[in-house]
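First the structure, in the form of structure tokens, and then the observations on it.
In the working numbering, the protein residues as written are -6 to 506.
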């Protein structure tokens, strides 16, 4: 077999730090000697220097909450952010639960100082909302601050995309003993060095883990379409940073994260933030379009302009591929919903209002204009069973008002609708979906359960050993191909490389020099 670094390596070669291997040890492994100029050099010197600078800053966090911190994220003075904390459970020692503490207008951040002066214990496990809300409520918490409904539908501005690398929550409990936030920090810097992820604006040590933020341009409004794109970007970042090593973390727009200077009770350490605002470029901010272009293969913002995809998909019986985006999917959902309308003789009472909301959503996202939606849905509502709105029924909301709800982002419908969720609402089983040739509103077919992760990993390593016994000089690509063709196991070159490194460390006798 070829030595590890002699092969042509994939772009992720540097990301697989083994359990227990520190960034310092990893850096030492990569010293090289230039015979021609008689010098030693390390290709990782620049990212390693950056790692040390950020590491030292995060380790020396200030240990107190500065109210100006919130202005880094919440830059529109008339918007609100929410505060939360883990408070003691009554009658239970050393048990805490997440509670709302109140909301503060972005231009009044001094109120955080006032709150902590009266209630200094709130500094422990102290959280804030990353994104901004358009209003607070009149009712108040015990802190005296106004309440807030922490929902995505109440957001006014999107301030930063983020990922939470919580090294305290690996799938493999054994790994917990060998990883900490420093490995995660070095790992993220190496990904930036290799242009896998965009330059990070803000780093934060959350205790056991690490937050990474990509600040958005000031005034990025939280319209429903933008919230959906925001979540898609967060998910894309997670897939690039956490490829099967870390547990998947939520990327929703209403998330709360720890405040700079607060204390993590479990880790018994202060939370600290680092702003990567170097002299040349300053603090980097992004537009949603810019992040989509970097992270997503075909951004929805481009696809929304391509109305031709609707016509192409309508004549095809195949599910559109990813490149055709949300327009085609919603056009097909609309087609399926209309088939169900005809099959059932109209939407029945008890389902009419929500069914019409779905029709409006499908039409809007498949590029129908507002006037067209009003005309067609009004006509459709008359064909419901009974017609909608019913005479004398005060609770039936007029179609024009349902459309207003959709365009204002207050429809109450989740931004990302699953096909099986819609199938359950419209009472579609496999037999009906086949009968009507439905393409999207279908139940999920039954699939046999997968083997546990540990068992799959063990089978893969066993197969790799068997392949090497037959062909010791196999490259990563050869092994990956043999795994697929001879053993029915799918594995990328990166996965093969990681398995080989682990096998080499645990069973060196299998790899004679």
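We put the CB at the ideal spot given by N, CA and C, even for glycine.
Subject >> Which of helix, strand or coil DSSP assigns to residue 99 >> reply: Translated into positions along the chain shown, residue 99 becomes position 106. DSSP places residue 99 within a helical segment (H, G or I) once states are collapsed to three.
> Using the C-alpha atoms, what's the distance from residue 423 back to residue 343?
Replying inline: Position 350 of the chain shown, counted from the start, is the residue given in the question as residue 343. Position 430 of the chain shown, counted from the start, is the residue given in the question as residue 423. Roughly 23 Å between the two C-alpha positions.
Handout entry: Cβ-based neighbour list, residue 469, same chain, cut-off 7 Å, excluding 5 preceding and 5 following
Key = Residue numbering aside, residue 469 sits at position 476 when the chain shown is read from its first letter. Around residue 469: 0, 486, 489 and 490.
Grab me the residues of residue 496's own chain with a C-beta within less than 8 Å of its C-beta, minus the 5 sequence neighbours each way, in chain order.
Indexing the chain shown from 1 puts residue 496 at position 503. The residues are 454, 457, 458, 503 and 504.
Legend entry - Cβ shell of residue 525 (< 6 Å), same chain only, five flanking positions each side left out: A query on residue 525 cannot be resolved here, the shown segment of the chain reaching from -6 to 506 and no further.
_By the three-class DSSP mapping on this structure, what secondary structure does residue 500 have?_
What you label residue 500 is simply residue 507 of the chain shown in a count that begins at 1. Note: residue 500 maps to coil in three-state DSSP.
- Query: Helix, strand or coil for residue 316 per DSSP?
  - Reply: Counted from its first residue, the chain shown places residue 316 at position 323. Low per-residue confidence applies at residue 316: pLDDT is 35, beneath 50, and the placement is therefore not dependable, though the value from the model is reported in the following sentence. Note: residue 316 maps to helix in three-state DSSP.
Review point. Where does residue 28 sit, in a helix, a strand or coil, going by DSSP?
Key: To locate residue 28, count along the chain shown from 1; it is residue 35. Residue 28: coil per DSSP, three-state reduction.
Pairs of beta-carbons, one from the region 251 to 268 and one from the region 113 to 128, closer than 8 Å: are there three or more? In short, these stretches touch, since the Cβ pair count reaches three.
Next item on the list: Report the rounded CA-to-CA distance for residue 474 versus residue 460, giving the unit in angstroms.
Entry: By one-based count along the chain shown, residue 474 stands at place 481. By one-based count along the chain shown, residue 460 stands at place 467. Distance between the alpha carbons of residue 474 and residue 460 is about 11 Å.
So, for residue 238: in the same chain, excluding its five sequence neighbours on each side, which residues have a beta-carbon less than 7 Å away from its beta-carbon? Position 245 of the chain shown, counting from 1, holds the residue named residue 238. In this prediction, residue 238 has a pLDDT of 47, which is less than 50 and means its spatial position is unreliable; what the coordinates show is noted afterwards. Closer than 7 Å at Cβ, skipping near neighbours: no residue.
Original post:
Once you ignore the five residues that flank residue 134 on each side, which residues in its own chain have a CB closer than 7 Å to its CB?
Top reply: On the chain shown, position 141 is the one that residue 134 refers to. Here residue 134 has 93, 94, 95 and 140 as same chain residues with Cβ atoms under 7 Å from its own Cβ, once five neighbours each way along the sequence are excluded.
For residue 437, count the other beta carbons within 10 Å of its own beta carbon; 16 or more makes it buried, fewer makes it exposed. Which is it?
By one-based count along the chain shown, residue 437 stands at place 444. That one is exposed.
Practice problem: Report all residues from its chain with a CB closer than 8 Å to the CB of residue 400; omit the five preceding and five following residues, and keep chain order. | Solution: The residue given as residue 400 occupies position 407 in the chain shown. 357 and 363, listed in sequence order.
Exercise for the section: Grab me the residues of residue 145's own chain with a C-beta within less than 6 Å of its C-beta, minus the 5 sequence neighbours each way, in chain order. Expected result: Sequence index remark: in the chain shown, residue 145 carries index 152 (1-based). Correct list, in chain order: 220, 246 and 247.
**Prompt:** Closest by CA to residue 376, which one among 341, 355 and 397?
**Reply:** Locating residue 376 in the chain shown gives position 383, where the first residue counts as 1. When each option's Cα is compared against that of residue 376, the closest is 341.
Legend entry - beta strand (DSSP E) segments (min. 3 residues) lying fully within the region 54 to 115: 73 to 81 and 89 to 98
Query raised in the report: For residue 284, which of 264, 384 and 213 has the nearest alpha-carbon?
Result: Residue mapping note: residue 284 aligns to position 291 of the chain shown, counting from 1. Nearest option by C-alpha distance: 213.
Please classify residue 32 as buried or exposed, where buried requires at least 16 neighbouring CB atoms within 10 angstroms.
Numbered from 1 along the chain shown, position 39 holds the residue referred to as residue 32. Residue 32 is exposed by the Cβ-count criterion.
So with Cβ pairs under 7 Å, would you call residue 93 a contact of chain C?
Structure shown: chain C not included; a single protein chain is present.
message = On the CB-based measure, 16 or more other CB atoms within 10 Å of its CB, does residue 191 come out buried or exposed?
response = The residue given as residue 191 occupies position 198 in the chain shown. Burial of residue 191 is indicated by the presence of at least 16 other C-beta atoms within 10 angstroms of its C-beta.
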